[in-house]
Each structure stands twice: as structure tokens, then as C-alpha cells.
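Student: Here it is, the structure in full.
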Amino acid sequence: MRKQVDNFKILYPNCIQITGNLNITDNSNITNLNGFSNLENVTGQINIVRNSPSEFGWLAKFKNRWEVIFWIVDNSTITKINSFNKLTSAGQMYIGDHKELTEISGYTSMNSLPTIRY
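Just so we're aligned: the sequence shown equals residues 159 to 276 in the numbering used here.
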């Protein structure tokens, strides 16, 4: 799985959208998600659960639609989540169970987020 994530940008250099869900779960060896740094949108859910990513810089280009749901849960090495500067809306966001998390920031463009739980 780690190699697939690392090579995503190389194999799909023009891919800026995933139609459907992006699920990255139960892979403690995935520490870098920069293979997804070209993405601007995912039409379904983004589920990042029980992994070891150290940061979320790969979401810097991300712009969203209303219906997208983020689940960022139980990722033991995350210290900050601050890469949503272009995110304008999301349907729901849940950020939880991060023992090392000290900072959540960078939502300066957010116009609509009906539900956020942390």
C-alpha cells in the first residue's frame, strides 16, 4: 500500500480528482501521503484512520464540495493539521484520537462546515 501511495502522483500525474472515496486505513507503515499532492477534490469521503502520517501538506491544493466528509482518526504521529487553506466547504469533519496533535489551523477560506467534531 505504501508504494501505491508514493507512486500515485507519478502514475497519475494529471489526476486532480478522485471520484468516490479515498480510504487510507490500518497501514502504520504509511508515513507520507505526498503522492496525493496534485489532488484538488475527492467526491466522496476521505478516511484517514489508524496510520502514521506526520503531516497533511499533501492537501494544500484541496478545494472541496459541500458533500465531502473527512474522517481523520487515530493517527498516532500527527502533530498538526494546517493544510486546508483552500478548502471552502465540507459536509462534515471529524478529527479525533490523536495523542500528539497540538495544532489545528489554516481554515481561512472555509465558508461552510455544518459539522465538526474533535
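Even glycine gets a Cβ: it sits at the ideal position worked out from N, Cα and C. Note that the structure is a prediction, hence the values are computed from the model and not measured.
(1) Which term fits Gly-193, buried or exposed, when burial requires 16 or more other beta carbons within 10 angstroms of its beta carbon?
(2) Just to confirm, are Lys-161 and Asn-196 a CB contact at a threshold of 7 Å?
(3) Mapping the DSSP letters down to three states, classify Ile-253 as helix, strand or coil.
(4) Looking at the unbroken beta strand (DSSP E) that takes in Leu-180, where does it start and where does it end?
(5) Would you kindly work out how many angstroms separate the C-alpha atoms of Asn-199 and Gly-249, rounded to a whole number?
Tutor: This is what the structure holds:
(1) buried
(2) no
(3) strand
(4) 180 to 185
(5) 13 Å
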